[in-house]
Each structure stands twice: as C-alpha cells, then as structure tokens.
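So the sequence shown is numbered by full-length UniProt numbering: it starts at 1 and just counts up by one.
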Amino acid sequence: MKVSVERTGGLVVLAESFGHPVFKDSFKRIFENGEQSLGLSFNGTLDINCSKDIRIEGIIGPCTSLEKGTLCADIVIGQGNTTSWKMCGLDRTTFFTVFFEIVPSERYMMSLICSYQGPKGQMRLRVTTITRRWVDGSNAEVG
C-alpha cells in the first residue's frame with residue numbers, strides 16, 4: 001500500500017470505518033479552503049517537449065509514467081521511457097526531479113507543461129519554456 005500512496009501523491013487515513021469521525025473529518029479537509037485547508041490539487045499531468053539534442057532519462061517524485069516518448073534516453077532514472085507523467089495528488093510541498101541527457105549542440109529548447117485541477121475544481125495550466133544558446137568556453141569572443 002505504501003508504494004501506491006507514494007506514486008500517486010495520495011493520502012492514508014487510518015480509521016475503523018468510512019463512517020468514523022476521523023475519516024469523515026479528514027476527507028472534508030482534503031476539499032476545504034482557507035487556513036485549515038491542505039491545499040491539495042488533483043489530476044495533474046506533466047509533459048516535457050524539448051529539442052532533439054535533449055533526451056529525458058526520467059523523473060523522481062510522486063508520479064507514474066504515461067505513454068512512450070520519442071525523446072527518451074537509453075539510461076532510465078526513476079520513472080522513465082516517457083515524456084509525460086501522471087500526478088494524482090499535488091500540494092505546495094510536492095516536488096519532482098527530472099534527469100536529462102544532453103548531447104553537445106549550440107542550442108537547446110525545453111517546455112515543461114503542467115496541468116492540474118485545483119481544490120475548487122478549476123483546471124490550471126502552467127507552462128515554463130527554457131531556451132539557451134551554448135558556446136564553447138574556449139571561444140575568444142566569450143572570454
């Protein structure tokens with residue numbers, strides 16, 4: 001059971017039954033707003049689009065891999081062989097580490113697209129795009 005909770009970012013509530021007050025109160029707090037809320041979001045996905053010179057080795061965090069991606073590295077770290085992951089439960093302290101294999105090239109581009117459902121049911125989309133032009137450190141113009 002521990003693995004399913006860790007991979008999904010889920011919660012464990014220990015109670016005698018579904019009718020037990022501990023279970024009912026804990027379940028209500030999941031969807032509360034305000035100072036007492038847990039600040040949870042649900043149904044998240046993370047997609048990474050990148051240039052052909054970047055290969056994704058994998059991700060470590062409370063997620064599971066979705067479909068096979070074309071820009072995957074031969075080395076797999078964590079949940080790999082994909083460019084898309086499912087994140088069932090997220091909060092302010094949820095974090096992920098993504099590992100990349102970078103082939104020497106002058107330019108790189110990467111977009112991280114995260115979508116999730118907020119505690120009030122609204123869908124949110126966060127997109128971060130990174131681009132960088134690399135130059136040889138021995139280049140006299142850079143020095």
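Quick reminder that beta carbons are idealized off the backbone N, C-alpha and C, glycines included.
None of these values were measured; they are calculated from a predicted model.
request  = With a floor of 4 residues, list each alpha helix (DSSP H) that falls wholly inside the stretch 11-91, ordered by position along the chain.
outcome  = Listed in chain order, the complete alpha helix (DSSP H) runs (minimum 4 residues) inside the stretch 11-91 are 21-30.
query = How about residue 44 and residue 116: do their beta carbons lie closer than 7 Å?
reply = Yes, they are a contact pair.
inquiry  = Quick check on residue 62: buried or exposed, where buried means 16 or more other Cβ atoms within 10 Å of its Cβ?
reply    = Counting Cβ neighbours within 10 Å, residue 62 comes out buried, since at least 16 surround it.
message = What would DSSP say about residue 105, mapped onto helix, strand or coil?
response = Residue 105: coil per DSSP, three-state reduction.
message = Could you check whether residue 56 and residue 112 sit closer than 7 Å to each other, using their CB atoms as the reference points?
response = Taking 7 Å as the Cβ cut-off, residue 112 and residue 56 do not qualify as a contacting pair.
inquiry  = Between the alpha carbons of residue 32 and residue 106, how many angstroms are there, rounded?
reply    = Each residue's alpha carbon lies about 48 Å from the other.
ask   = Between the C-alpha atoms of residue 19 and residue 42, what's the straight-line distance to the nearest angstrom?
value = So the alpha carbons of these two residues sit roughly 24 Å apart.
ask   = Do residue 109 and residue 51 come within 7 Å of each other at the CB atom, strictly closer than that value?
value = It is a contact, given that the beta carbons lie within the stated cut-off.
task = Would you kindly work out how many angstroms separate the C-alpha atoms of residue 26 and residue 13, rounded to a whole number?
result = Taking C-alpha positions only, residue 26 is separated from residue 13 by approximately 7 Å.
key: N- and C-terminal bounds of the beta strand (DSSP E) containing residue 123   = In this chain, the beta strand (DSSP E) harbouring residue 123 covers 123-133.
Alpha-carbon to alpha-carbon, residue 124 and residue 2 = Straight-line Cα distance between these residues: approximately 28 Å.
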